[in-house]
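Quick mapping for you: the protein sequence lines, in order, are chains G and Z.
Just so it is clear: in the first sequence, position 139 is 139 by the working numbering, and no numbers are missing.
For any residue, its number in the working numbering is found by taking its place in the second sequence, counting from 1, and adding 330.
Every residue gets a Cβ at the ideal spot worked out from N, C-alpha and C, and that includes glycine.
For reference, the structure discussed in these notes is given below.
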Amino acid sequence: MTDEPMLKVENLRTYFFTRGGTVKAVDGVNFEVKRGQVLALVGESGCGKSMTALSIIQLVDKPGKIVEGTVIFDGENLLERNRSQMTEIRGKRISMIFQEPRSSLNPVIRVGKQLDEVLKLHYEDMDKHERRQRVIQLLKDVGIPDPERRANNYPHEMSGGMAQRVMIAMGIACEPELLIADEPTTALDVTIQAQVLDLIRKLRDEMQMAVIFITHDMGVVAEMADDVAVMYAGTIVEHAAVGSLFEEPMHPYTQGLIASIPILGEFKDRLEVIPGTVPSLIDMPPGCRFASRCKARVEHNLEKCLHEEPELLEVREGHQVRCWLYEENA
Amino acid sequence: MGTFILRRLILSIPVLLGILFLTFALTRLLPGDPCRAALQEKATEEACNAFNQRYGLDRPITVQFKIYLQDFVQGDLGTSIKYNYSVMRLIVERLPTTLELSIMAMFFAVAVGIPLGLLSAYYHNSSIDIGTMVIANIGVSMPVFWLGLMLAYFFAVVLKGTPFVLPPSGSQSPGMQIQPFYEAWGLNIEPARSSVWAFISNMTITNAALAGDWAGFKDGFRHMILPMVALGTIPMSIIARMTRSSLLEVLGQNYVKTARAKGAYERNVVLNHAFRNAMLPVVTIIGLSLGSLLSGALLTETIFGLAGVGSALYDAINGRDYTVVQAFTVIIAVIFVIINLLVDVLYVFLDPRIRLN
Ligand SMILES: Nc1ncnc2c1ncn2[C@@H]1O[C@H](COP(=O)(O)OP(=O)(O)O)[C@@H](O)[C@H]1O
Ligand SMILES: [Mg+2]
């Protein structure tokens, strides 16, 4: 195992060109993921997590467009590949699973057949019989009881948890090097959520996949991640190892997110919420994107935040943050 | 599936009874008197009494309805007041042309409309999309009779003398004799005028195909092209627009994103994952447009001089030929019920989610 990152995203910008203006959904994102590592991408909904993920496999729908950046996967810039060359990567070397498992499966095709399709697309020399066996094995691997019968189910005949297992089976069918899971448990109830998280962790250990795990739930982050990148309004504001991030969150936004985690058994008068709303991605104010909601800015009486955007700087070993508070530490 | 169809068939019975009642009531409500219409200046008091007695028109209306129902169940649709022969025979003479025309028009509408809609959605917002939708929007707002006349003018007059000329009227060229298919098959039967054999052999193109008469088939088909296009253009346009919008909607669904994330080619995504889902509302639209197709067929027959149900029904209404009006209305309604049943079956076949309940 080398230390070379499996995936390296640099200065990625994905914009939506709408009538109302240019929506800068992803605006200069950098991160890397190593083999066998789980990187969590966290942030409020609408901050650009999904668009970052979709940009990696070039599935951003119109009017969205990747306008800048590189996505280096195994030494190669994926953004230089054309559409048909990307189909060789998708599903085989990088796979992605989505938030809403039941609507992510085709309602008119049996789940076994949908699984079979991935194999058919990427393993030309597998015959029908071999594929069938592999489908059953995959369903078994993701913990679906009675897989022979379940393979003949239609998605509407399955629960959300079962459907998400099928999605995961589809995601790992070709033993990808990178799995992107976009809020895979958000639509599931808590016990099922824990099972699905366990499953992803187990598969990661067995297959040494790199995983990008997208969530807005800090509790899930603590459970799953090795590294965490916190996104805010299209940019990464803090990036650190999970321990470091929870022990010493540096960005005021991250501090707010962590303070808002409900802790079981602990009574709080009320949960902390971050006041205010995310600025419009069309007219981004100059300066720090979080400035308008930032208590620390007021406390420290920082003028700069309103006029100049801070950079993502390494403030401590392996801990990067985009905030003027730490200017002199860098 | 079997029980589903059976259940739907049983459910059709009350619908059918309703149709029988309505057509019966509506024909009685038509202003005018059948005796006067049929006998005209010969309609004296006595003649009319005899006439009414003969056709049972002197009985109380409830009794008339009862007799009507009884006869219907026995397959007897009555006797035409005007032609003085069984309505069944009139149907066997006229319905085949209308049926063949409608089926061809629908085939045209589906075979052209769905690919157009597909192309349009696939090349969304491109010049192909815009061009296709302009055609569809013109097509949907074009009255059948006007389009029919324009087509006839263009293909029969403007293109006269070119290889593209098409006949503007009739269902066969003069002098064209096609053997009934059962004779061509060497079957030694002399079918009654109101039999299934006669019915099928009255469908010009089908008969020619069954008889293996290539020249006759080509001739019949050439005669049907213009009526088919005239009649099929509106449903074709509706189907194209529906296919496009439905496909565009489906292409934005999560499972389409999943298919792309699997590494499927775009063509595969559209044809295997999106298409079947997109067809659900299109099937409904096809079923519905068959209704307007039947009324359009009557107009088309008039323009292109085809001896179908249209002219027969027109004559029957003018002549207060109650039995014929009733019979044709019921037949059309029954066809409609059957088509709806087929649409439902197709729907179940396309969408597994319906099977549960
Ligand atoms: N089709 C679209 N048109 C315009 N803007 C879009 C479109 N899709 C997404 N966006 C913008 O991209 C931003 C990021 O979306 P997304 O990546 O889905 O957020 P999330 O972090 O919740 O996954 C959203 O705030 C939205 O404004
Ligand atoms: Mg999202």
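Of all Cβ atoms in chain G, is any one closer than 7 angstroms to the Cβ of residue i?
i	result
residue 542 of chain Z	no
residue 632 of chain Z	no
residue 591 of chain Z	yes
residue 650 of chain Z	no
residue 532 of chain Z	no
residue 553 of chain Z	no
residue 682 of chain Z	yes
residue 595 of chain Z	yes
residue 644 of chain Z	no
residue 585 of chain Z	yes
residue 574 of chain Z	no
residue 588 of chain Z	yes
residue 606 of chain Z	yes
How should residue i be labelled, buried or exposed, when 16 other C-beta atoms within 10 angstroms of its C-beta is the threshold for buried?
i	result
residue 651 of chain Z	buried
residue 321 of chain G	buried
residue 299 of chain G	exposed
residue 550 of chain Z	buried
residue 1 of chain G	Bear in mind that the predicted position of residue 1 of chain G carries a pLDDT of just 48, short of 50, making it too unreliable to give a figure here.
residue 592 of chain Z	buried
residue 164 of chain G	buried
residue 455 of chain Z	exposed
residue 37 of chain G	buried
residue 290 of chain G	buried
residue 182 of chain G	buried
residue 88 of chain G	exposed
residue 582 of chain Z	exposed
residue 564 of chain Z	buried
Taking 7 angstroms as the CB-CB cut-off, is residue i touching chain Z?
i	result
residue 118 of chain G	yes
residue 48 of chain G	no
residue 106 of chain G	yes
residue 16 of chain G	no
residue 41 of chain G	no
residue 103 of chain G	yes
residue 161 of chain G	no
residue 6 of chain G	no
residue 87 of chain G	yes
residue 80 of chain G	no
residue 91 of chain G	yes
residue 126 of chain G	no
residue 123 of chain G	no
residue 73 of chain G	no
Bridge partners of residue i, per DSSP?
i	result
residue 21 of chain G	G/18
residue 40 of chain G	G/213, G/228
residue 342 of chain G	An answer regarding residue 342 of chain G cannot be provided, because it is not within the stretch 1 to 330 covered by chain G.
residue 241 of chain G	G/227
residue 29 of chain G	G/12
residue 49 of chain G	DSSP output for residue 49 of chain G lists no bridge partner at all.
residue 73 of chain G	G/7, G/76
residue 68 of chain G	G/13
residue 525 of chain Z	Paired residues: none, contrary to the question.
residue 409 of chain Z	Z/416
Please classify residue i: does DSSP put it in a helix, a strand, or coil?
i	result
residue 454 of chain Z	coil
residue 321 of chain G	strand
residue 532 of chain Z	coil
residue 236 of chain G	strand
residue 384 of chain Z	helix
residue 9 of chain G	strand
residue 634 of chain Z	coil
residue 332 of chain G	Because chain G is modelled from 1 through 330, residue 332 of chain G falls outside the range shown and cannot be assessed.
residue 641 of chain Z	helix
residue 316 of chain G	strand
residue 416 of chain Z	strand
residue 251 of chain G	coil
residue 62 of chain G	coil
residue 154 of chain G	coil
residue 492 of chain Z	coil
residue 331 of chain Z	coil
Closer than 7 angstroms, CB to CB, is residue i near chain A or not?
i	result
residue 51 of chain G	No chain A is present in this structure, whose protein chains are G and Z.
Notebook entry, point to check: Mind pulling the alpha helix (DSSP H) runs of 4 or more residues that sit fully within the region 76-114 of chain G?
Noted result: 83-89
Check: Of all the alpha helix (DSSP H) runs that stay within the bounds of the region 560-631 of chain Z, which reach a length of 4 or more residues?
Finding: 584-591
Margin query: Restricting to runs no shorter than 4 residues, where is the alpha helix (DSSP H) found entirely within the region 111-148 of chain G?
Written below: 111-122, 128-141
Notebook entry, point to check: Which runs of the alpha helix (DSSP H) fall wholly inside the region 261-313 of chain G and span at least 4 residues, in chain order?
Noted result: 295-300
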